[in-house]
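Written out below as structure tokens is the structure these notes cover.
Numbering (our numbering), first residue to last: 1 to 196.
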């Protein structure tokens, strides 16, 4: 199942999310250049930033993810019910065969014993097969759920990072003058040379 979002709502959400993520950075940058430890306001902004991120993720990702997981759960439960019904039908058929065999005369007792043991083997085989199928379905469902959750997290993270980078790049380009860009480039080169 793919997540289906309205593109306009999705873009607005991403813009709000990126703005909320960069708000503490702007506040921190405007705070001056002293060699002080982190102030209380810095912590407050970090907490606000984290809270906004969590609220946005829960608001926009929580419901589709819950719906997807609920649908997967229903599918798995349906498969398990079908396996149980098949098992019950096989057991019922075996019971009917056993009841019919009990009504036969004594002279066919050896045939009854043979059919009964064959029926028990078939019942055991069907029960074992149903149990194996049930375990495989449950295991596959868990694997699928884990994979889909991981994939959803990766997609969300990639989209968030991409949007944040684009917004940051646009803001930086819009605010810096040519002289500031040159100065920033020179400082970056000096910093990189200093690390080497």
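Glycine included, every Cβ here is placed at the ideal spot set by N, Cα and C.
Helix, strand or coil for residue i? Go by DSSP, reduced to three states.
{"i": "residue 176", "result": "coil"}
{"i": "residue 39", "result": "coil"}
{"i": "residue 188", "result": "helix"}
Measure the C-alpha to C-alpha separation of residue i and residue j and round it to an integer number of angstroms.
{"i": "residue 89", "j": "residue 65", "result": "36 Å"}
{"i": "residue 93", "j": "residue 129", "result": "16 Å"}
{"i": "residue 165", "j": "residue 155", "result": "15 Å"}
{"i": "residue 69", "j": "residue 109", "result": "54 Å"}
{"i": "residue 112", "j": "residue 141", "result": "42 Å"}
{"i": "residue 59", "j": "residue 53", "result": "10 Å"}
{"i": "residue 83", "j": "residue 157", "result": "38 Å"}
{"i": "residue 197", "j": "residue 174", "result": "Residue 197 lies beyond the range of the chain shown here (1 to 196); nothing can be said about it."}
{"i": "residue 159", "j": "residue 12", "result": "13 Å"}
{"i": "residue 57", "j": "residue 41", "result": "24 Å"}
{"i": "residue 144", "j": "residue 62", "result": "18 Å"}
{"i": "residue 121", "j": "residue 85", "result": "19 Å"}
{"i": "residue 50", "j": "residue 17", "result": "11 Å"}
{"i": "residue 153", "j": "residue 167", "result": "21 Å"}
Label residue i either buried or exposed according to how many other C-beta atoms from any shown protein chain fall within 10 Å of its C-beta, with 16 as the threshold for buried.
{"i": "residue 176", "result": "exposed"}
{"i": "residue 189", "result": "exposed"}
{"i": "residue 44", "result": "exposed"}
{"i": "residue 185", "result": "exposed"}
{"i": "residue 75", "result": "exposed"}
Assuming residue i contacts residue j under a Cβ cut-off of 8 Å, what Cβ separation, rounded to an integer in Å, is found between them?
{"i": "residue 119", "j": "residue 149", "result": "About 44 Å separates the two Cβ atoms, so there is no contact after all."}
{"i": "residue 80", "j": "residue 134", "result": "6 Å"}
{"i": "residue 87", "j": "residue 127", "result": "6 Å"}
{"i": "residue 91", "j": "residue 123", "result": "6 Å"}
**Message:** To test your reading of the DSSP string, which unbroken alpha helix (DSSP H) runs of 4 or more residues are found completely within the segment 39 to 112?
**Reply:** 40 to 102
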